[in-house]
Ligand code: SF4
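Numbering (our numbering), first residue to last: 239 to 589.
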């Protein structure tokens, strides 16, 4: 099955493209106090190691806008400044080197303020992500539609967009987020039909790590499968590094991008005679940051085990307190249960 991706404009966040034929990028947002420069850099570095490609920091005040300069000097990936209401913070963030703005121009006061921000963005080639949220739609739009409908979200987004495009700038990424998965899907479908701006896709306020991952996978995954979405952000209440792992799993499960090792493991059943849950969990953790394009099968018995293990680059089909090791389709040797993780990791390293 081939996903046919909607053709959008390409914008560049420093040297990272969003849209067009470029890979669907993974974003996250720090949850540190941006003014705490060292803590913020440490978190961004952890995000980089996990695979984050663009990071956003909150800019609630002048000190945070100024901190971007030092933060940028300490990290490799582009930094986006999240600015609400105050155009001066947008200007200061760009002066500090922000590679992208997340801003809604309709909320920063007069047209003169908008013009100042657009002028500087144009001079520095800084793209803007205009993002509307079902929870904060304008009163007149809510009155018109009665509730945050997909049409209401799009009308709000296009209102902000026109303030910028009227000034001759279209270096724009759009997002239309809601905490409801069906509403988010319908809003993005509509936006994708009506505009060619690259879309930043995500489910906002998705929840804690376990429930938020499911909501995000269903919402983002459905859209990506329909060919909608150019950059994704999984929002979780927790460590943002988990957002990156989840985003990678979503992209990998749809065969959109490949990130390191793909682990296939069975759910176990009454036939399993080893602690397969422990073995699979340990191998998954040890493989997390290994950048190799491999499939590893960890199977509980001889029913489906040999078939899956043979198809994988390396795999085990477990038996009674032991496992049969397969490599590149060949049976290698039997391994006692307590040596299975160690042996699998050695074989993975050798490939
Ligand atoms: Fe059960 Fe074997 Fe299937 Fe695993 S592979 S679920 S142990 S039948």
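Every residue, glycine too, gets a C-beta built ideally from N, C-alpha and C.
These numbers were taken from a predicted model, which means no experiment stands behind them.
Selection from the options that minimises the alpha carbon distance to residue i
| i | options | result |
| --- | --- | --- |
| residue 241 | 460, 562, 518 | 460 |
| residue 500 | 273, 378, 547 | 547 |
| residue 314 | 322, 400, 289 | 289 |
| residue 284 | 247, 542, 526, 406 | 526 |
| residue 408 | 348, 239, 587, 247 | 247 |
| residue 291 | 324, 506, 572, 482 | 482 |
| residue 495 | 239, 251, 262 | 262 |
| residue 422 | 442, 463, 480 | 442 |
| residue 480 | 587, 450, 356 | 450 |
| residue 239 | 463, 326, 415 | 463 |
| residue 533 | 447, 273, 498, 326 | 498 |
| residue 280 | 312, 259, 508 | 312 |
| residue 300 | 375, 316, 367, 321 | 321 |
| residue 542 | 420, 524, 505, 578 | 505 |
| residue 531 | 503, 350, 490, 276 | 490 |
| residue 517 | 476, 503, 507, 509 | 503 |
| residue 369 | 297, 426, 361, 524 | 426 |
| residue 454 | 420, 395, 429 | 420 |
| residue 416 | 472, 447, 378, 365 | 472 |
| residue 179 | 580, 539, 549 | The question about residue 179 has no answer here: the residues shown for the chain are numbered 239 through 589. |
Cβ separation of residue i and residue j, assumed to be a contact under 8 Å, to the nearest whole Å
| i | j | result |
| --- | --- | --- |
| residue 585 | residue 574 | Their Cβ separation, rounded to whole angstroms, is 15 Å, which puts residue 585 and residue 574 out of contact at 8 Å. |
| residue 397 | residue 335 | 29 Å between Cβ atoms; not a contact. |
| residue 264 | residue 486 | 7 Å |
| residue 267 | residue 293 | 7 Å |
| residue 466 | residue 437 | 6 Å |
| residue 229 | residue 440 | Residue 229 falls outside the range modelled here, since the chain spans only 239 to 589, and no answer is possible. |
| residue 589 | residue 551 | 6 Å |
| residue 346 | residue 323 | 6 Å |
| residue 202 | residue 401 | The first residue shown for the chain is 239 and the last is 589, placing residue 202 beyond what the model contains. |
| residue 295 | residue 319 | 6 Å |
| residue 317 | residue 309 | 6 Å |
Quick check on the contact list: which residues have their beta carbon closer than 7 Å to a heavy atom of ligand 1?
504, 505, 506, 507, 509, 510, 537, 538, 539, 541, 542, 543
Any chance you could list the alpha helix (DSSP H) runs of at least 4 consecutive residues sitting entirely within the stretch 262–312, in chain order?
275–288, 300–312
Ranges of the alpha helix (DSSP H) found wholly within the stretch 325–357, counting only runs of at least 4
325–333
For a minimum of 3 consecutive residues, which ranges assigned as the beta strand (DSSP E) are wholly contained in the stretch 516–561?
533–537, 552–556
Contained alpha helix (DSSP H) runs [length at least 4] in the stretch 481–521, N- to C-terminal order
none
Mind listing, in chain order, the continuous alpha helix (DSSP H) runs of no fewer than 4 residues lying wholly within the stretch 444–486?
447–463
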